[in-house]
Structures are given as C-alpha cells and as structure tokens.
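Participant: Here it is, the structure in full.
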Amino acid sequence: MDLGFTPEEESFRQEVRTWLDGNLPAEWRHGAAGGYREEEDTEVQREWQRRLYEGGWLKLGWPQEAGGRGATPVMQAIYQEEMTTAGAPGILGRLGVTLLAPTLVALGSDWQKETYIEKILSGELIFCQGFSEPDAGSDLAGLRTRAERRDGKWVLSGQKTWSSGAHYSDKSFLLARTDPAAEPHRGIGFFLVDMKQPGVEVRRIKQMTGGGEFCEIFLSGAEVEERDLVGQSGDGWKIAMTVFGFERGGLAQAARFERAVAELAALARERGAGADPATRQRIAQAQIEAHVFRLIGLRNLTKAQHGHAPGPEASVTKLYWSEMDKRLQEAAVGVEGMYGALAPESSLAIEEGRWQYGWMWAQAETIYAGSSEIQRNIIAERVLGLPRGR
Numbered sequence: 012m013d014l015g016f017t018p019e020e021e022s023f024r025q026e027v028r029t030w031l032d033g034n035l036p037a038e039w040r041h042g043a044a045g046g047y048r049e050e051e052d053t054e055v056q057r058e059w060q061r062r063l064y065e066g067g068w069l070k071l072g073w074p075q076e077a078g079g080r081g082a083t084p085v086m087q088a089i090y091q092e093e094m095t096t097a098g099a100p101g102i103l104g105r106l107g108v109t110l111l112a113p114t115l116v117a118l119g120s121d122w123q124k125e126t127y128i129e130k131i132l133s134g135e136l137i138f139c140q141g142f143s144e145p146d147a148g149s150d151l152a153g154l155r156t157r158a159e160r161r162d163g164k165w166v167l168s169g170q171k172t173w174s175s176g177a178h179y180s181d182k183s184f185l186l187a188r189t190d191p192a193a194e195p196h197r198g199i200g201f202f203l204v205d206m207k208q209p210g211v212e213v214r215r216i217k218q219m220t221g222g223g224e225f226c227e228i229f230l231s232g233a234e235v236e237e238r239d240l241v242g243q244s245g246d247g248w249k250i251a252m253t254v255f256g257f258e259r260g261g262l263a264q265a266a267r268f269e270r271a272v273a274e275l276a277a278l279a280r281e282r283g284a285g286a287d288p289a290t291r292q293r294i295a296q297a298q299i300e301a302h303v304f305r306l307i308g309l310r311n312l313t314k315a316q317h318g319h320a321p322g323p324e325a326s327v328t329k330l331y332w333s334e335m336d337k338r339l340q341e342a343a344v345g346v347e348g349m350y351g352a353l354a355p356e357s358s359l360a361i362e363e364g365r366w367q368y369g370w371m372w373a374q375a376e377t378i379y380a381g382s383s384e385i386q387r388n389i390i391a392e393r394v395l396g397l398p399r400g401r
C-alpha cells in the first residue's frame, strides 16, 4: 500500500487548492457535520457546478480523446479530498455528472453523446436517477416498472422511489422492464425520460430531518423516444452495473470525517466538555477511526491504481464508515447536553442544529446503499467464506 504521494501529485494538489482559493467564496463553504441542505441551496449548487465546468474539473478523469484530462485515480482522489477539505458545496446535477455522463461516454449513441453530455456537465440539464422501487431497493432486479413498445415509442408505467432531486430535475435515467418473461436480470431497459411531460408525477418524501430532497416518481403512460433508449432494450442491467462502477468515495469521505472529528473536538472545548473522561475517550476513538478509514481509502486507491476492480470487500468500507459516522454524531449531540435534543430548526440550537441534522442523516447512512445487516452478510459469505445464513 502506498502511503505517500509523488511530487507530481502534490503539485496537482496545490493546483486544486489555488483554484479553490480564487473560485470558492467563503460564504459557500460549510462544515463537515450536517452540511448543505439541498432544498435550501439549489442556486448555490447550480452556480458552483457552472464554475467547475468552466474550470474543466468535471471531466478530470475522462480520457483525453473524450475531452478530459485523463487524470489517474490518485489525482481524482486528491481532487475529491481537497474539495471536501475546503468545504465546497455539492453540485445540483451531481447524479448526471458523476454517473450518467461517463456512462454515456462509454455506452451511449453518438446522438446521445452530442445531445446530452455537455448540457449535463454545464447544468443546463439536470438528471435524477430512477432505479429503486417500493419492492426493489436492495434487490434491484425485482423492479416492476414496465416499458411497452407502442407506435414506435416506449410507454412507461410504474413507480420509483428515493429519487434524489426529482422535483427539480429536467430528465431521469431509469430502469424499466421491457420483457416480463425474461430472467430477472435480463429484459430490462435503460431509458432517458423527460420529467416535465404528462404521465410523470413527482411527490416529495418528507424525512425526519425535515428535508424533502427524496421523491417518489409515478409513471402512467410517460413516453420515451427510441433514441432515448441507451443500448438495446435488454441491456439495462449491464448499463446499471456500469453506472454503479462510477460511484466514488475514498479519500473525500476520509477528509470529511477528519474535519468532523476536528470540529467535534472544538465543540467539546467550547462547551467545556473536554475534561470529562468519557467524552475524551469518545473523541479519541473517533480520531482513531477516522485515521483508520483514511488508510482504508489509501489501500483501495492503491488497488485501483494497479488496475484491480473493487470486490466484495467494498462492503467492509461501507459498513465501517456508516457505523463510524453514527458513533461520531452521537458523541457530538452528547457534548451539546440538553441542547442536543433540540430540533435543527430551533432558534436555540447550537451551530444552527447542524450536529442534530448530521445525527439524523447518520441513521440513514446505515440503511441506504445496502444496510449494515446486508453488508455483514456479504462480508461473512463472500469475504470470509462462511456458510449462508438461514
């Protein structure tokens, strides 16, 4: 495992920092706990995406022949780490930029590439994702949304859920079953759907955080042109696996947790809780866990640099950081004492309630993208070789 960076990589890190100093306003920067609340900051995120696009950062890892910089996995990780360390906001079209655009570069038609890619990157077109369904979350192959050919078009019917940002999105990339008689992982299509047409209804889901960035999508006769089918009508599962391959984490997550621990220590000092032995132990443990997670990220980065694809051990990473963050956020609201029980919107909440907001998000982190229970089963069966549980 490589624990250091080359002079060229450190030079690139300085390039990112210099650009951030000149382009990221102080009022846009935020802390590691709680962070931006998506529904409150859409214009900031839209403008930030435009700046990143014009700066050439959104194609960083793309091959040069596709207009990118051809950055190595290490350079991409450095970029993500510096963005997180600086407290940069998210971008409004995150799913389109990080998942759909590179998928279209790899698998899209010439028309799809020419029509969508630059508009996705610039923020002119915002895409949401339509994969999960009420009965097809962890088991995505169980999806029931159907796509039928009628008069040269595809007509969609069904329901999607947990679609982030669907209420402000222009289009969606979603999966629908094109052949009900096929095996579960076959007969699925990957469609680019106009979200503003008749036959598409979006309902926001209010969460315990008070936010409503997740939505349900109801499809009743929504139409898709043949040219907006990516690949062939049965290629959806294969394309979805390509999409998942573009998901990122690594050093950006590690940087977030390191910042959060530092902010937790500062909170303890400000609240006069630093002398309490139990509190000191919890903060020290959080520091240890954050450092270990950074080493895990470096190990994964080394493997990627040598061309090794992620395997089932990725479940160890997901289980580790989600449970770690839950403990960290619990420590923070404990440091706040009675104020830790206040809702984030309370005028008396400390630091505008960002630790309470972070605590509520941490509960969800152990569920989404595969619950902790599922991750433990994967680790037991596919990493440790234990027999399947009953």
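Going left to right, the sequence shown walks through residues 12 to 401 as this note's numbering numbers them. Each residue gets a CB set at the ideal place from its N, CA and C atoms; glycine is no exception. Because the structure is a prediction, the values reported are computed rather than measured.
Report the CB separation of N388 from G400 in whole angstroms; it is logged as a contact under 8 Å.
Facilitator: Here residue 388 is taken as the residue at index 377 of the sequence shown, counted from 1. Here residue 400 is taken as the residue at index 389 of the sequence shown, counted from 1. Contact holds; Cβ gap of about 6 Å.
Participant: Within 10 Å of its beta-carbon, does G308 have 16 or more other beta-carbons around it, so buried, or fewer, so exposed?
Facilitator: What you label residue 308 is simply residue 297 of the sequence shown in a count that begins at 1. Buried: at least 16 other Cβ atoms inside 10 Å.
Participant: Evaluate contact between the segment 170–182 and the segment 85–95, counting only Cβ atoms and requiring at least three cross-stretch pairs below 8 Å.
Facilitator: The segment 170–182 vs the segment 85–95: no contact.
Participant: If I measure Cβ to Cβ from Y47 and keep anything under 7 Å in the same chain, skipping five residues before and after, which residues do I get?
Facilitator: Residue mapping note: residue 47 aligns to position 36 of the sequence shown, counting from 1. Low per-residue confidence applies at Y47: pLDDT is 47, beneath 50, and the placement is therefore not dependable, though the value from the model is reported in the following sentence. Excluding residues within five positions, the ones whose Cβ falls inside 7 Å are H41, P100 and G101.
Participant: Would you check if there are 3 or more beta carbon pairs closer than 8 Å linking the segment 121–132 to the segment 90–97?
Facilitator: Not touching, per the Cβ criterion.
Participant: Cα-Cα, which of V204, F268, D336 and Q243 is closest to C139?
Facilitator: Residue mapping note: residue 139 aligns to position 128 of the sequence shown, counting from 1. Out of V204, F268, D336 and Q243, V204 has the C-alpha closest to the C-alpha of C139.
Participant: Helix or strand or just coil, what does DSSP make of A152?
Facilitator: Looking up residue 152 in the sequence shown gives position 141. In this structure, A152 counts as helix in the three-state DSSP scheme.
Participant: Cutting at 7 Å between CB atoms, please list the residues of its own chain near E300, excluding the five before and the five after it.
Facilitator: Along the sequence shown, read from residue 1 onward, the residue named residue 300 stands at position 289. Answer for E300: M335, listed in chain order.
Participant: CB-CB under 6 Å to L355, same chain, minus the five flanking residues each way: which ones, in chain order?
Facilitator: Looking up residue 355 in the sequence shown gives position 344. Leu is not the amino acid found at residue 355; the sequence shown has Pro there. The residues are G364, Q367 and Y368.
Participant: So the candidates are E376, W39 and S382; which of them puts its Cα closest to the Cα of T220?
Facilitator: Residue numbering aside, residue 220 sits at position 209 when the sequence shown is read from its first letter. Among E376, W39 and S382, the Cα nearest to that of T220 is on E376.
Participant: By Cβ distance, which residues of its chain are closer than 6 Å to I199, with the 5 residues on each side in sequence left out?
Facilitator: Translated into the one-based positions of the sequence shown, residue 199 becomes position 188. L186, R188, G247 and W248, listed in sequence order.
Participant: Cβ atoms of R80 and L71: under 8 Å apart, would you say?
Facilitator: Position 60 of the sequence shown, counted from the first residue, corresponds to residue 71. Position 69 of the sequence shown, counted from the first residue, corresponds to residue 80. Contact flag set, yes.
Participant: Let's test the definition: count the other Cβ atoms within 10 Å of the Cβ of R293 and tell me whether it reaches 16, buried, or not, exposed.
Facilitator: For the purposes of this step, residue 293 is taken as residue 282 along the sequence shown, with counting starting at 1. So R293 ends up on the buried side.
Participant: Can you tell me which of S22, A289 and V213 puts its alpha carbon nearest to the alpha carbon of Y90?
Facilitator: In the sequence shown, the residue the question calls residue 90 occupies position 79. Selected option, being the one with the closest Cα: S22.
Participant: In its own chain, which residues sit with a C-beta less than 8 Å from the C-beta of G134, not counting the 5 before and 5 after it?
Facilitator: Translated into positions along the sequence shown, residue 134 becomes position 123. Taken in chain order, the residues that qualify are R57, Q60, R61, Y64, I102, L103 and G104.
Participant: Going by CA-CA distance only, name the one from G107, A251 and R238 that's closest to D5.
Facilitator: Here the chain comprises residues numbered 12 to 401, so residue 5 is not present and cannot be evaluated.
Participant: Spatial neighbours of R238 within its chain, please: C-beta separation below 8 Å, excluding the five flanking residues on both sides.
Facilitator: Here residue 238 refers to the residue found at position 227 when the sequence shown is read from its first residue. The answer, listed in chain order, is S120, W122 and Q123.
Participant: Does the Cβ of E192 have 16 or more other Cβ atoms within 10 Å, making it buried, or fewer, making it exposed?
Facilitator: Position 181 of the sequence shown, counting from 1, holds the residue named residue 192. Note that residue 192 is Ala in the sequence shown here, rather than Glu. Classification of A192: exposed, given that the 10 Å Cβ count is below 16.
Participant: Rounded to a whole number of angstroms, what is the C-alpha to C-alpha distance between K337 and Q208?
Facilitator: Counted from its first residue, the sequence shown places residue 337 at position 326. Counted from its first residue, the sequence shown places residue 208 at position 197. Their Cα atoms are separated by approximately 40 Å.
Participant: Alpha carbon to alpha carbon, what distance is there between R155 and N311?
Facilitator: Residue mapping note: residue 311 aligns to position 300 of the sequence shown, counting from 1. Residue mapping note: residue 155 aligns to position 144 of the sequence shown, counting from 1. Rounded to the nearest angstrom, the two C-alpha atoms are 35 Å apart.
Participant: Could you pull out every unbroken alpha helix (DSSP H) segment of at least 4 residues lying fully inside the segment 119–207, listed in chain order?
Facilitator: Counting only runs of 4 or more, we get 121–133.
Participant: Given the structure, does G141 come close to the ligand COA, in the sense that its CB is under 7 Å from one of the ligand's heavy atoms?
Facilitator: As far as ligands go, the structure on display features none, and thus does not contain the ligand COA.
Participant: Going by CA-CA distance only, name the one from D52, S168 and S143 that's closest to E234.
Facilitator: Counting from 1 along the sequence shown, the entry for residue 234 is found at position 223. Among D52, S168 and S143, the Cα nearest to that of E234 is on S168.
Participant: Using the Cβ count rule (16 or more neighbours within 10 Å means buried), how would you classify P113?
Facilitator: The residue given as residue 113 occupies position 102 in the sequence shown. Classification for P113: buried.
Participant: Can you grab the Cα-Cα spacing for the pair V166 / Q296, in whole Å?
Facilitator: The residue you call residue 166 lines up with position 155 of the sequence shown. The residue you call residue 296 lines up with position 285 of the sequence shown. Whole-angstrom Cα-Cα distance: 54 Å.
Participant: Just reading off the alpha helix (DSSP H) that F16 is part of, what are its end residues?
Facilitator: Counting from one through the sequence shown, the residue named residue 16 turns up at place 5. From DSSP, F16 is part of no alpha helix (DSSP H); its letter is neither H nor E.
Participant: Give me the Cα-Cα distance between L115 and G66, rounded to the nearest whole angstrom.
Facilitator: By 1-based counting over the sequence shown, the position of residue 115 is 104. By 1-based counting over the sequence shown, the position of residue 66 is 55. Cα to Cα, the separation comes out at about 21 Å.
Participant: Between the beta-carbon of L230 and the beta-carbon of V211, is there less than 8 Å?
Facilitator: Position 219 of the sequence shown, counted from the start, is the residue given in the question as residue 230. Position 200 of the sequence shown, counted from the start, is the residue given in the question as residue 211. Yes, Cβ-Cβ distance for L230 and V211 is below 8 Å.
Participant: Could you tell me the distance, in whole angstroms, from the CA atom of T328 to the CA atom of L306?
Facilitator: What you label residue 328 is simply residue 317 of the sequence shown in a count that begins at 1. What you label residue 306 is simply residue 295 of the sequence shown in a count that begins at 1. The straight-line gap from Cα to Cα measures roughly 11 Å.
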